[in-house]
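These notes are about the structure you will find just below.
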Amino acid sequence: MAAPNYEDTLPEDIRKQLELLEPRVVYAGDQEMVDKILHVVDSVPSVETIVYEDDKGMFRYENGDRTDPGDPEIVAFEDVADRGRERLADGTVSDDHLRDRIAQLDADRTAMLAPTSGTTGMPKRVQLSHFNFVNLAEATMDIDPLPPGSDYVSYLPMAWVGEQMILLAAAFVGRWAVNFPEEPETEAEDLREIGPEIIFSSPNRYEGWVAEVKAKIENTTPLKRRVYDLAMDVGQRFADYAVGDREGDPPLWLRAAHRAAYWAVYRPVLDDLGLKRAKNVYTGGGPLGEDHFEFYHAMGVSLKQIWGQSEVCGFVTMHREDDVDVETVGEVFPNVEVGITPGGELLVRGPVVTSGYYGMPEKTEEAMEDGWLHTDDFGELTDDGHVVVFDRMDDVLELTDGTAVAPISVETKLKFDPYVKEAMVVGDGREELAAVLNLRYDNVAEWADQRDIQYAGYHDLTQKPPVLELLRQVVADTNAELDHPVERFVVLFKQFDADDGELTRTGKLRREVVVDRYDDLVEGLFDGNETVELDVTVTYQDGRESTERGTVRVVDTDRPVESDEPSEGVVDVARGE
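Convert by adding 918 to the 1-based position in the sequence shown; the result is the number in this note's numbering.
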């Protein structure tokens, strides 16, 4: 059975995973990963062999030589394949032998030990069977069929269970054509070139695409901006029938206007993103904001939300065609049940649920109760069969007046702006909300360059008064849509990073870790001070650490930011609708 891991996992985390799994063979993509494994393998005597794919930089390990007598054998994947061919040629094994081995597989046998997202700590390993995968794949094909040969581009981390579900199970059942980028750096170009029918990605990818489009439009000519705004107005009216409150079909004039807007605006935009031929488009692994959904549906992309987790083989709900409700995560899959506790926690029961966590019987017992899996997600069930997910149970904030606030609903609205990459809303036990923001550096840097604002890198840019004023307007605009506004915010001088434990490897915010790591910053948002001094430890992929020091300015959302520097050219922060 396979136990996939994220390629940018830190060495110490690799050690913990190896100690739990006790594997005999470890597959490493390249020399960097081989080095990481050798750095920690001394505490895992079960490892006998390391197989690598890319031989660049592997000259020190040629011919399976060990660096130390106790190290595992190191061998190229091609050499392993050659050994197999030799065994077939000399009769040691035969085709019949391999077929017999396959025939002996039991559907309930564990196929994969999938890692959980790790939002609350070290990822656990979920035992998923062949039956789990095939059952969910068949249900997916029944709900959203596509003809054999439909293209899918695999660019998500293979350690993510959602990618394994689509890449292996659904692709085999549906007989799709799976394409791989030539290199990680050519991913966007390859996606545009192939233009797949199936798109599956995490919310941060869809958020990034929206930010990319909006930034380009804001920096284009007034005429092109006007044409785009008109087209999106038509698209929004059209989307109101698909994901809004309007019932029935769009009128003929609106359908005609939407078609014209498609050829004039939407098609070039979608072609640039690789979405021109997309038919089955899904987002999962976290919530996507309503504004983002409406953006894609305005352009005619039938984006659908799925919901689930590693423990249910990826997902157990999905929007159905012509029944996309942006406030829900869709309807439950056939043969699956979703229940709810008196406290609002969602439960799942059915043939896709894991048999438990590998090597962690006590964690399995905590998560399972009478066949029901506790998801730790806070939500509700609607009268029309949809599931609503508000947030993680532990992440819901309670203000001093007793009001419960799902921070992720505020954060997704903030991230709809092209200048905000990440947001964390805080306020548990407080009278009001505040936020810690990350800039979307490329977009803000271009905005600053156009206004002759001088800065020395990301750290410096985050604290420039014109940039803070730009972000203040972003937050103020977002507040107009919120029941509970964000009263103050700071822009952190570093990005949240998975290597620092602030994000999971799939890009989810590890809220508890971040709040603890930046406790002085969180306190500074509420204690009335205008600035907060920070010392932040930064971890690199090779395990090295350094410290970043700086001062962050606390911004009141209802008070314009005054510059404490000489004028740096014309600064225009007016923003189009």
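The beta carbon of each residue, even a glycine, is placed where N, CA and C say it ideally should be.
Let me confirm a value: residue i is counted as buried when at least 16 other C-beta atoms fall within 10 Å, else exposed. Which label applies?
{"i": "Gly-1345", "result": "buried"}
{"i": "Met-1217", "result": "buried"}
{"i": "Gln-1223", "result": "buried"}
{"i": "Phe-1411", "result": "buried"}
{"i": "Asp-1000", "result": "exposed"}
{"i": "Ser-1485", "result": "Confidence at Ser-1485 is low in this model, with a pLDDT of 41, below 50, so its placement is unreliable and no value can be given for it."}
{"i": "Thr-1455", "result": "exposed"}
{"i": "Gly-1320", "result": "exposed"}
{"i": "Glu-1441", "result": "exposed"}
{"i": "Lys-1426", "result": "buried"}
{"i": "Ile-1326", "result": "buried"}
{"i": "Thr-1138", "result": "exposed"}
{"i": "Thr-927", "result": "buried"}
{"i": "Thr-1380", "result": "buried"}
{"i": "Thr-1272", "result": "buried"}
{"i": "Asp-1490", "result": "In this prediction, Asp-1490 scores a pLDDT of 41, lower than 50, which makes its location untrustworthy; no coordinate-derived value is stated."}
{"i": "Gln-1368", "result": "exposed"}
{"i": "Glu-971", "result": "exposed"}
{"i": "Leu-1085", "result": "buried"}
Assuming residue i and residue j make a contact with CB atoms under 8 Å, what is their CB distance in whole Å?
{"i": "Ala-946", "j": "Ile-955", "result": "6 Å"}
{"i": "Thr-966", "j": "Val-943", "result": "Inspection of the sequence shows that residue 966 is occupied by Glu rather than by Thr. With 8 Å as the limit, Glu-966 and Val-943 qualify as a contact, their Cβ atoms being about 7 Å apart."}
{"i": "Gly-1468", "j": "His-1377", "result": "6 Å"}
{"i": "Arg-1123", "j": "Asp-1190", "result": "Not really, about 15 Å apart at Cβ, beyond 8 Å."}
{"i": "Val-1152", "j": "Val-1187", "result": "With a Cβ gap of about 14 Å, Val-1152 and Val-1187 do not count as contacting."}
{"i": "Val-1242", "j": "Ala-1160", "result": "6 Å"}
{"i": "Glu-1350", "j": "Glu-1405", "result": "5 Å"}
{"i": "Val-1244", "j": "Glu-1208", "result": "4 Å"}
{"i": "Lys-934", "j": "Glu-1125", "result": "Between Glu-1125 and Lys-934 the Cβ distance is about 31 Å, and since that is not below 8 Å, they are no contact."}
{"i": "Val-1392", "j": "Val-1338", "result": "6 Å"}
{"i": "Glu-1115", "j": "Asp-1069", "result": "6 Å"}
{"i": "Val-1328", "j": "Leu-1400", "result": "6 Å"}
{"i": "Val-1230", "j": "Leu-1291", "result": "7 Å"}
{"i": "Val-958", "j": "Pro-929", "result": "5 Å"}
{"i": "Leu-1064", "j": "Gly-1092", "result": "6 Å"}
State the Cα-Cα distance for the pair residue i and residue j, rounded to the nearest angstrom.
{"i": "Ala-1088", "j": "Val-1219", "result": "21 Å"}
{"i": "Pro-1336", "j": "Asp-1395", "result": "13 Å"}
{"i": "Arg-876", "j": "Thr-1330", "result": "Any answer about residue 876 is impossible in this case: the structure gives the chain only from 919 up to 1495."}
{"i": "Gly-1446", "j": "Lys-1281", "result": "42 Å"}
{"i": "Val-1470", "j": "Leu-1355", "result": "11 Å"}
{"i": "Leu-1023", "j": "Gln-1154", "result": "51 Å"}
{"i": "Ile-1117", "j": "Glu-1448", "result": "45 Å"}
{"i": "Pro-1099", "j": "Leu-1046", "result": "27 Å"}
{"i": "Leu-938", "j": "Gly-1036", "result": "15 Å"}
{"i": "Glu-1249", "j": "Gln-1459", "result": "40 Å"}
{"i": "Val-1306", "j": "Ala-1179", "result": "33 Å"}
{"i": "Leu-1206", "j": "Arg-1477", "result": "30 Å"}
{"i": "Pro-1403", "j": "Phe-1308", "result": "18 Å"}
{"i": "His-1210", "j": "Val-1079", "result": "24 Å"}
{"i": "Ile-968", "j": "Asp-1008", "result": "25 Å"}
{"i": "Asp-1434", "j": "Glu-1212", "result": "35 Å"}
{"i": "Pro-1252", "j": "Ala-1057", "result": "7 Å"}
{"i": "Phe-1106", "j": "Ala-1285", "result": "Strictly speaking, residue 1106 in this sequence is Ala, with Phe absent from that position. Ala-1106 and Ala-1285: Cα-Cα distance of roughly 39 Å."}
{"i": "Leu-1443", "j": "Tyr-1073", "result": "38 Å"}
Would you say residue i touches the ligand SAM, meaning its beta carbon is less than 6 Å from a heavy atom?
{"i": "Ser-1047", "result": "Absent from the structure shown: the ligand SAM. Ligands present: none."}
Going by alpha carbons, who is nearest to residue i out of the options?
{"i": "Met-1278", "options": "Asp-1437, Val-1044, Val-969", "result": "Val-1044"}
{"i": "Ala-1363", "options": "Ala-1374, Leu-1355, Val-1354, Val-1479", "result": "Ala-1374"}
{"i": "Asp-973", "options": "Gly-1207, Ser-964, Asp-953", "result": "Asp-953"}
{"i": "Phe-977", "options": "Pro-1102, Gln-1381, Ile-1061, Val-993", "result": "Val-993"}
{"i": "Pro-922", "options": "Asp-1060, Met-1083, His-957, Pro-1066", "result": "Met-1083"}
{"i": "Asp-1438", "options": "Lys-1426, Leu-1452, Arg-1428", "result": "Leu-1452"}
{"i": "Thr-1475", "options": "Asp-1163, Val-1011, Val-1409", "result": "Val-1409"}
{"i": "Phe-1049", "options": "Val-1270, Thr-1424, Tyr-1070", "result": "Val-1270"}
{"i": "Gly-1297", "options": "Ser-1072, Arg-1093, Ala-1322", "result": "Ala-1322"}
{"i": "Asp-986", "options": "Arg-1003, Gly-1002, Phe-995, Asp-960", "result": "Asp-960"}
{"i": "Ala-1032", "options": "Leu-1389, Asp-1108, Ser-1228", "result": "Ser-1228"}
{"i": "Gly-1192", "options": "Asn-1198, Asp-1108, Thr-1259", "result": "Asp-1108"}
{"i": "Val-1432", "options": "His-1304, Asp-1418, Asp-1158", "result": "Asp-1418"}
{"i": "Gly-1226", "options": "Ser-964, Thr-1293, Pro-1065", "result": "Thr-1293"}
{"i": "Glu-1340", "options": "Asp-1302, Ala-1366, Leu-1389, Arg-1144", "result": "Leu-1389"}
At least one CB of chain E closer than 7 Å to the CB of residue i: is that the case?
{"i": "Thr-1272", "result": "Judged by its chain identifiers, the structure shown contains no chain E, having just a single protein chain."}
Compute the distance between the beta-carbons of residue i and residue j, then report whether it is under 7 Å.
{"i": "Gly-1202", "j": "Phe-1156", "result": "no"}
{"i": "Pro-887", "j": "Gly-1204", "result": "Not covered by the structure: residue 887. The range shown for the chain is 919 to 1495."}
{"i": "Pro-1383", "j": "Ile-1371", "result": "no"}
{"i": "Phe-1407", "j": "Val-1473", "result": "yes"}
{"i": "Glu-1263", "j": "Met-1311", "result": "yes"}
{"i": "Gly-1479", "j": "Glu-1387", "result": "For clarity, residue 1479 is Val in the given sequence; the question names Gly instead. Yes, the Cβ-Cβ distance between Val-1479 and Glu-1387 is below 7 Å."}
{"i": "Arg-1005", "j": "Val-998", "result": "no"}
{"i": "Met-1076", "j": "Ala-920", "result": "no"}
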